[in-house]
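Asker: Numbering-wise (the numbering used here), the sequence shown opens with residue 102 and increments by one. We put the beta carbon where it would ideally sit given N, CA and C, even for glycine. These numbers were taken from a predicted model, which means no experiment stands behind them.
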Amino acid sequence: MRETNKIHFTEIESTNDYALKNMEDIQDGTVIYADVQTKGKGRNSRTWVSEKGNLFMSLVLKPEYNLGKKNSLCAIVHYTAVVLTRVLETKYSVKAKIKWPNDLLVDNKKIAGILIEAVIQGSNLQGIVVGIGVNLNMEKDLLERLDQAATSLNLLLNQKISRDKFLDYLLEEFFSRYEKLLEKGFSLIKKEYILKNMFLGKMVKAVVFGKMYHGLAKGLDDAGQLILECGGSKEVISAGDIIC
Ligand code: BTN
């Protein structure tokens, strides 16, 4: 088991932004986490509400070689989603489903999200930031004011959740197969990801850089990209949002 370097803040604007700005000085495998974020970021320029009691963390990864097709960012996002489902299931008996590419849902309500960013200089990958937000101890009325249906582990289990324990479980699960992921890419978790997804085989609408696609979610390719069958054409999508 590798040793994880931890950097903790009581308050920070965004753990992802801290990691991006300080990438050069941060060691591979370091986790940056904070009690509160004042400018927590979600995907697609959304805000991530970041109140005390929940998990806000960014994992800095510096794989020794550049990401090829096999080890795409897509594979790391999907791996992280699978890691989260495993922690929720094995440690808390909560079954979560994955909504492509990286939302974790319980009973159709979002419990966690992943925001992956990378620092690239020229053609060199300097590092990857895997930002993870998990609703561990949200107040019910705050959840109801969010712009999408959301849930929180404390409400599902009716008890206060230890953020530090959750973080340790997550890091243990993440690093248990990370080296294998770098070796094998998305194929390492493809079966498990498919089993835990909630959209394959269904008609979905996906928004990709502002463009709307409507089609049958046919499958995932070997890099973890979504294959959509839209009328007569096939679209392969690596980023975006499924909206229903
Ligand atoms: C999403 O589902 O939109 C992704 C949410 C990611 C939120 C986490 S919280 C820790 C890290 N720092 C941020 O500013 N965002 C990510």
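My understanding is that A182 touches L162, with C-beta atoms under 8 angstroms, so please give their C-beta distance in whole angstroms.
Answerer: Counted from its first residue, the sequence shown places residue 182 at position 81. Counted from its first residue, the sequence shown places residue 162 at position 61. About 15 angstroms; that fails the 8 angstroms criterion.
Asker: In chain order, what residues of the same chain lie with their CB nearer than 7 angstroms to the CB of I113, ignoring the 5 residues before and after it?
Answerer: Taking the sequence shown and counting its residues from 1, one reaches residue 113 at position 12. Excluding sequence neighbours, I113 sits near Y119, A135, Q138.
Asker: Identify the continuous alpha helix (DSSP H) that holds E284 and give its terminal residues.
Answerer: For the purposes of this step, residue 284 is identified with residue 183 of the sequence shown, where counting begins at 1. Looking at the DSSP string, the run of the alpha helix (DSSP H) that includes E284 is 279-285.
Asker: Should the region 220-236 be called in touch with the region 144-164, which here means at least 3 C-beta pairs below 8 angstroms?
Answerer: Enough Cβ pairs lie closer than 8 angstroms, so yes.
Asker: Let's test the definition: count the other Cβ atoms within 10 Å of the Cβ of A307 and tell me whether it reaches 16, buried, or not, exposed.
Answerer: Locating residue 307 in the sequence shown gives position 206, where the first residue counts as 1. Classification for A307: buried.
Asker: What first and last residue would you give for the beta strand (DSSP E) that runs through D248?
Answerer: As a position in the sequence shown, residue 248 is number 147, starting the count at 1. From DSSP, D248 is part of no beta strand (DSSP E); its letter is neither H nor E.
Asker: Counting only beta-carbon separations shorter than 7 angstroms, does K297 have a partner in chain C?
Answerer: Here there is only one protein chain, and chain C is not present.
Asker: In chain order, what residues place their C-beta within less than 6 angstroms of a heavy atom belonging to ligand 1?
Answerer: Spelled out in chain order, the answer is S115, T116, N117, Q138, G141, K142, G143, R144, R147, W149, F157, M158, S159, D204, G214, I215, L216, G232, I233, G234.
Asker: Are M299 and K211 touching if we call contact CB-CB under 7 angstroms?
Answerer: Numbered from 1 along the sequence shown, position 198 holds the residue referred to as residue 299. Numbered from 1 along the sequence shown, position 110 holds the residue referred to as residue 211. Their beta carbons are not under 7 angstroms apart, which means M299 does not touch K211 by this criterion.
Asker: Is it a yes or a no for the region 179-199 touching the region 270-280, going by three-plus beta-carbon pairs under 8 angstroms?
Answerer: Flag = yes, the region 179-199 and the region 270-280 touch.
Asker: Checking the sheet assignment: what are the DSSP bridge partners for L156?
Answerer: The sequence position of residue 156 within the sequence shown is 55, counting from 1. Partner(s): V235.
Asker: If you run the structure through DSSP and keep just helix, strand and coil, what is I177?
Answerer: As a first step, residue 177 is located in the sequence shown; it is residue number 76 there, counting from the start. In the structure shown, I177 sits in a helix (DSSP, three-state: H, G or I).
Asker: When the distance is taken between beta carbons, is G325 closer than 7 angstroms to H179?
Answerer: Position 78 of the sequence shown, counted from the start, is the residue given in the question as residue 179. Position 224 of the sequence shown, counted from the start, is the residue given in the question as residue 325. Yes, these two residues count as a Cβ contact at 7 angstroms.
Asker: Which same chain residues, not among the five before or five after G154, have their C-beta less than 6 angstroms away from its C-beta?
Answerer: Your numbering for residue 154 matches position 53 in the sequence shown. Same-chain partners within the cutoff: N238.
Asker: According to DSSP, E336 sits in a beta bridge with which residue or residues?
Answerer: Translated into the one-based positions of the sequence shown, residue 336 becomes position 235. L329, per the DSSP bridge assignment.
Asker: From what residue to what residue does the alpha helix (DSSP H) around D118 run?
Answerer: Reading the sequence shown from its first residue, position 17 is the one you call residue 118. Note, D118: alpha helix (DSSP H), 116-122.
Asker: Could you give the DSSP three-state label for E240: helix, strand or coil?
Answerer: Stepping through the sequence shown from its first residue, residue 240 is reached at position 139. Of the three classes helix, strand and coil, the one that applies to E240 here is coil, per DSSP.
Asker: To the nearest angstrom, how far is it from the Cα of M158 to the Cα of I133?
Answerer: Position 57 of the sequence shown holds residue 158. Position 32 of the sequence shown holds residue 133. Roughly 6 angstroms separates the two Cα atoms.
Asker: Answer with buried or exposed for T111, where buried requires no fewer than 16 other C-beta atoms within 10 angstroms of its C-beta.
Answerer: What you label residue 111 is simply residue 10 of the sequence shown in a count that begins at 1. The residue is exposed, with fewer than 16 neighbouring Cβ atoms inside 10 Å.
Asker: Residue range of the beta strand (DSSP E) that I133 falls in?
Answerer: Here residue 133 is taken as the residue at index 32 of the sequence shown, counted from 1. Segment 131-138, the beta strand (DSSP E) holding I133.
Asker: Quick one: measure Cβ to Cβ for L327 and L321, integer angstroms, because I've assumed they're closer than 8 angstroms.
Answerer: Here residue 327 corresponds to residue number 226 of the sequence shown, with the count starting at 1. Here residue 321 corresponds to residue number 220 of the sequence shown, with the count starting at 1. Rounded, the Cβ-Cβ distance is 6 angstroms, consistent with contact.
Asker: Which two residues bound the contiguous beta strand (DSSP E) that contains I295?
Answerer: The residue you call residue 295 lines up with position 194 of the sequence shown. First-last for I295: 291-297, but that is the alpha helix (DSSP H), not the beta strand (DSSP E).
Asker: So, using beta-carbon positions, are C175 and S334 closer together than 7 angstroms?
Answerer: Translated into the one-based positions of the sequence shown, residue 175 becomes position 74. Translated into the one-based positions of the sequence shown, residue 334 becomes position 233. Not a contact, by the Cβ cut-off of 7 angstroms.
Asker: Among N145, T105, G130, which residue has its Cα nearest to the Cα of N203?
Answerer: Sequence index remark: in the sequence shown, residue 203 carries index 102 (1-based). The shortest C-alpha separation from N203 is found at N145.
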